[in-house]
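Participant: Structure below; questions to follow.
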Amino acid sequence: MVDAGSVVDLLKDARDRRNAALVLELDLTDGIVEGQPADPVSALLSMRRTHLRDVLGGLRRARTDPQVRALIVKIGGGRLGLAMAQELRDAVQAFRDSGKLAVAWAESFGETGRGTVPYYLATVFERIYMQPSGDLALTGVALEEPFFNEALGKIGVTPRFAKRHEYKTAANTFMERAYTPEHKEMSGRLVASAGEQVVAGVAAGRGLPEERVRELIDQAPLLGAEALEAGLVDRLAYRDEVYADVRAAVSDEKARLRYVARYNRTQGLAKRLPRPQQESIALIQGHGPIRLGRSGRSAMPGQGSSIGSDTVAAAFRAAVKDDKVKAIVFRVDSPGGSYVASDTIWHEVVLARKADKPVIVSMGNVAASGGYFVAAPADVIVAQPGTLTGSIGVVVGKPVIGDLLGRLGIGLDSVEQGAHARMFAPTRDFTEEEWARVNTFLDRVYDDFVGKVADGRDLPRERVDSLARGRVWTGADAHERGLVDELGGLALALDLARKKAGLATDAPVRTYPHVSPLDRLRPAESSEDRTAASARLDAWGPMTTLAVRLGLPSGGPLMLPGTWDLA
C-alpha cells in the first residue's frame, strides 16, 4: 500500500528541485565548436562537444531567467583563438551586467605552456580561481613563422612562386630564409595589436594600470602564490572549494548544476523552434578552407572542415527563395583557398542583396584572403578586434623537385602533346612563356579582388590597393581602415540582421541548408535540389597531395598560410 505521506514528500521534493536555483556550467577543456560540420563523420564526432550558438543562446536566455543565479566556467587547456575568447567575453559581460555572478576557474593557466589567451578570457569574470598547484603563464603574445628555403635547397627542391604583393607571405615561407621588411612589419603589427587588446582587457578586468599588467607579463610565468599576491587571481582553490563558494554566494546549498548548452536546448524549446509561417533569419556557416564542390572534411592537417562553394551557394539560393527569410547572417571562419570557389560564393552574396535580403557577415578567428573575398559584398561586416582578416592578395607557383629526383637516382622521362602540357608538373621549372602566363593570372586575380572589395566596401580603388597588397590585419585595425564595419561577434551580427529586416529582437534563426541524414542518402532531383552539389575538386589540381606534404596551402591561391596562432 502506498504511503500518502511519502507521496506528498516526493511531490514536495520534486517541486523544490524544479524551483531550486540554477548554476550554469561551461567546460572549455575541449574548446568550442564554431558550427555544425558539413560532413556526417565530423558532425557525429562533434555531437558531444559544446557549440558556440548554444553557449551564446544559453547565456542570453539566462540573463532574464530568475532561476539562474550564477555561471561557473572551467577554462582548460583547449586552444581558443583570440577572437573566440572575445566572443565569449562579450557574452559573459552581458550575463554579469544582468546582476548575476560569473566565476572562472582553472587547474592552471598554461602548465609549461601558453596561458595568455585563456587568462585574458578569465579576466571578464567577477572572480578567478586557480588550483594551488597551478601556474599563470601570462607570458604575452608571439607569432613564430618558419622559413624553409635553405632546407629545400639542401635536398634539391626549388620553390618557384609569384605573388601579389609584398605582404602576401605564403611564398616567403619557401622563398626566403628570414623575414622580409614587409613581412616583419606586418607580423609585428599583428602581435602588437593583439598584445594591446590583451593588456587592455586584463587591466580593465583586474582593476590594474596597463603599465602594471605589462610588468607582470614580463615577469610571467607566475607561481600560484605570486599570481594571488599580484591580484591576478582571487583565490587558490580546488574544484570543490570553488563550487562551495558559489553555492554560498547564491545562498542555496541545493542549487542545481546545468551545462549552458543543455540549458539552452531544453529551456523554452517550443519558443526557439521557428514555425513554418514565422519570419526568421537564415544562418549560413562557413568554416575551413574554401574549395570547389561540396563542403566536407579538409585535406589540410588540423583543418576539420572545408567550405564547399556548391554547398554554400545552394544555402544562399535556398535562403533567398524562402519568403519567410528576411535577412542572412553568413558566419565566416576561413583562411581562404580557391579563387574560383571564393568568386562563386561572392556572386551568391551579391545576388542575395539584389533580392532584398540583407547579408551580415560575422567573422570568426580568421576571415582572410578568400575568407575576406566572400565577405566583401555584404551589407555589414562584423569582426572581433582579434579576428585576423584582410590578406587581399594572391600567390601561385610550385615546388620544383627535379634536382631532388636526380639526387635520389630517380630517372624521369615524359611524352607530351601541347607546349604547356606539363606546366604545373613539379618535376620541371616554368618556361619563360609559362611564367608570363602565371603573372598574367596573378594580375587578373589581384585586380578582380581589389575591385570587388572597393565596390563592396564603397572605398576608392586606390585606397583598397593601399590596404591590400596581401597584408593581414587584426579586426581592430581593419575596422579603423574601413575593411570591417562593426566590432563584435555572432550575437551582434544576428541583432543587426533582425534590425535590418525589421524583425523582433527574439526572431528565430534557422540554419541553412536544411539537409537531414535521409536527404544525404537520396539522389538529387536537379541542380536546384538541396542534396545536389556532390562534386569534390582540389584547388591545386593534381598537385594537391604534394602541396599538403610540403606544407603548402592546399586550399588554393587565395589561402592565408600557416596556423596563425597569436598566443
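Going by our numbering, the first residue of the sequence shown is number 1243, and it counts up by one from there.
Don't be surprised by glycine CBs; every beta carbon is placed ideally from N, CA and C.
If you're wondering where the values come from, they're calculated on a predicted model, not measured in any experiment.
#1: Taking the CB atoms as reference points, tell me whether residue 1425 and residue 1688 lie closer together than 9 angstroms.
#2: Determine the direct distance from the alpha carbon of residue 1677 to that of residue 1830, and round the result to whole angstroms.
#3: Classify residue 1274: buried if its beta carbon has 16 or more other beta carbons within 10 angstroms, exposed otherwise.
#4: Beta carbon of residue 1582, beta carbon of residue 1551: below 9 angstroms?
#5: According to the neighbour-count rule (16 or more other Cβ atoms, all chains shown, within 10 Å of its Cβ), is residue 1574 buried or exposed?
#6: Using only alpha-carbon positions, find the residue among 1597, 1719, 1564, 1548 that is nearest to residue 1584.
#7: Can you check which of these residues, 1319, 1509, 1489, 1414, is closest to residue 1304 by C-alpha distance?
#8: Go ahead and label residue 1716 buried or exposed: buried means 16 or more other beta carbons lie within 10 angstroms of its beta carbon, across all protein chains shown.
#9: In whole angstroms, give me the CA-to-CA distance for residue 1636 and residue 1410.
#10: Which residue or residues does DSSP assign as beta-bridge partners of residue 1347?
#11: Consult DSSP for residue 1405 and reduce its assignment to one of helix, strand or coil.
#12: Three or more C-beta pairs closer than 8 angstroms, one from the region 1700 to 1711 and one from the region 1478 to 1496: is that the case here?
#13: State the DSSP-derived secondary structure class of residue 1198, mapped to helix, strand or coil.
#14: Quick one: what's residue 1576 bridged to in DSSP?
#15: Classify residue 1629 as buried or exposed, calling it buried when 16 or more other Cβ atoms lie within 10 Å of its own Cβ.
#16: Measure the beta-carbon distance from residue 1646 to residue 1399 and round it to whole angstroms, keeping in mind my assumption that it falls under 8 angstroms.
#17: Using the C-alpha atoms, what's the distance from residue 1632 back to residue 1649?
#18: With respect to the beta strand (DSSP E) encompassing residue 1550, which residues constitute its N-terminal and C-terminal limits?
#19: Keeping to the same chain, check which residues put their C-beta closer than 7 angstroms to that of residue 1397; ignore five residues upstream and five downstream.
#20: Give the secondary structure of residue 1777 by DSSP, where H, G and I count as helix, E and B as strand, and everything else as coil.
#21: Buried or exposed for residue 1276, please, with buried defined as at least 16 other CB atoms from any protein chain shown within 10 angstroms of its CB.
#22: Going by DSSP in three states, residue 1450 sits in which element: helix, strand or coil?
#23: What's the C-alpha gap between residue 1744 and residue 1619?
#24: From the DSSP output, read off the bridge partner residues of residue 1630.
#25: Have a look at residue 1416 and residue 1422 and give me their C-alpha separation to the nearest angstrom.
#26: Tell me whether residue 1768 is buried or exposed, calling it buried when 16 or more other Cβ atoms sit within 10 Å of its Cβ.
#27: Give every residue of the same chain whose Cβ lies closer than 6 angstroms to the Cβ of residue 1268, excluding the five residues on either side of it in the sequence, and list them in chain order.
#28: What are the uninterrupted segments assigned as beta strand (DSSP E) that are 3 or more residues long and contained completely in the region 1646 to 1721, given in chain order?
#29: Going by beta carbon distance, what residues of the same chain come within less than 6 angstroms of residue 1612, once the five residues before and after it are set aside?
#30: Any chance you could list the beta strand (DSSP E) runs of at least 3 consecutive residues sitting entirely within the region 1467 to 1524, in chain order?
Facilitator: With the given structure in hand:
#1: For this step, residue 1425 is matched to residue 183 along the sequence shown. For this step, residue 1688 is matched to residue 446 along the sequence shown. Taking 9 angstroms as the cut-off, the beta carbon of residue 1425 is found no closer than this to the beta carbon of residue 1688.
#2: As displayed, the chain neither begins before 1243 nor continues past 1809, which places residue 1830 out of reach and without an answer.
#3: Within the sequence shown, the letter at position 32 stands for residue 1274. Label assigned to residue 1274: buried.
#4: Taking the first residue of the sequence shown as 1, we reach residue 1582 at position 340. Taking the first residue of the sequence shown as 1, we reach residue 1551 at position 309. Going by C-beta atoms, residue 1582 is nearer than 9 angstroms to residue 1551.
#5: One-based indexing of the sequence shown puts residue 1574 at position 332. Residue burial is scored here from C-beta neighbours: residue 1574 has at least 16 other C-beta atoms within 10 angstroms and is therefore classed as buried.
#6: Residue 1584 sits at position 342 when you count from the first residue of the sequence shown. Closest by alpha carbon: 1548.
#7: Sequence index remark: in the sequence shown, residue 1304 carries index 62 (1-based). In this structure, 1509 is the residue among 1319, 1509, 1489, 1414 with its C-alpha nearest to the C-alpha of residue 1304.
#8: Reading the sequence shown from its first residue, position 474 is the one you call residue 1716. In this structure residue 1716 is buried. Its beta-carbon is surrounded by 16 or more other beta-carbon atoms within 10 angstroms.
#9: Within the sequence shown, residue 1636 is the residue found at index 394, counting from 1. Within the sequence shown, residue 1410 is the residue found at index 168, counting from 1. Those two C-alpha atoms are separated by around 7 angstroms.
#10: Against the sequence shown, residue 1347 aligns to sequence position 105. Bridge pairing for residue 1347: 1316, 1371 [DSSP].
#11: Stepping through the sequence shown from its first residue, residue 1405 is reached at position 163. Correct three-state label for residue 1405: strand.
#12: These segments do not touch.
#13: Nothing about residue 1198 can be read from this structure; the chain reaches only from 1243 to 1809.
#14: Within the sequence shown, numbered from 1, the residue matching residue 1576 stands at position 334. In the DSSP assignment, residue 1576 is bridged to 1609.
#15: Translated into the one-based positions of the sequence shown, residue 1629 becomes position 387. By the Cβ-count criterion, residue 1629 is buried, with 16 or more other Cβ atoms from all chains shown falling within 10 Å of its own Cβ.
#16: Here residue 1646 is taken as the residue at index 404 of the sequence shown, counted from 1. Here residue 1399 is taken as the residue at index 157 of the sequence shown, counted from 1. Going by Cβ atoms, the distance from residue 1646 to residue 1399 rounds to 5 angstroms, so yes, they are a contact pair.
#17: Counting from 1 along the sequence shown, the entry for residue 1649 is found at position 407. Counting from 1 along the sequence shown, the entry for residue 1632 is found at position 390. Taking the straight line from one Cα to the other gives about 41 angstroms.
#18: As a first step, residue 1550 must be located in the sequence shown, where it is residue number 308. Start and end: 1547 to 1550.
#19: Stepping through the sequence shown from its first residue, residue 1397 is reached at position 155. Only 1646 meet the Cβ criterion.
#20: The residue you call residue 1777 lines up with position 535 of the sequence shown. Bear in mind that the predicted position of residue 1777 carries a pLDDT of just 35, short of 50, making it unreliable; the figure below should be weighed with that in mind. The three-state reading of DSSP puts residue 1777 in coil, since its state is none of H, G, I, E or B.
#21: Walking along the sequence shown from the start, residue 1276 turns up at place 34. Residue 1276 is buried by the Cβ-count criterion.
#22: Locating residue 1450 in the sequence shown gives position 208, counting from the first residue. Residue state for residue 1450 is assigned as coil, using DSSP reduced to three classes.
#23: Indexing the sequence shown from 1 puts residue 1744 at position 502. Indexing the sequence shown from 1 puts residue 1619 at position 377. Roughly 21 angstroms separates the two Cα atoms.
#24: As a first step, residue 1630 must be located in the sequence shown, where it is residue number 388. DSSP lists 1608, 1716 as partners of residue 1630.
#25: Counting from one through the sequence shown, the residue named residue 1416 turns up at place 174. Counting from one through the sequence shown, the residue named residue 1422 turns up at place 180. Going by the C-alpha atoms only, they are around 12 angstroms apart.
#26: As a working note, residue 1768 is residue 526 in the sequence shown. By the 16-neighbour rule on beta-carbons within 10 angstroms, residue 1768 is exposed.
#27: In the sequence shown, counting from the first residue as 1, residue 1268 sits at position 26. Counting only Cβ-Cβ distances below 6 angstroms, and skipping sequence neighbours, we find 1315, 1502.
#28: Contiguous beta strand (DSSP E) elements confined to the region 1646 to 1721 occur at 1714 to 1716, taking only those with 3 or more residues.
#29: Against the sequence shown, residue 1612 aligns to sequence position 370. Here the set comprises 1532, 1578, 1579, 1584, 1800.
#30: Counting only runs of at least 3 residues, the region 1467 to 1524 fully encloses the following beta strand (DSSP E) elements, listed from N- to C-terminal order: 1498 to 1501.
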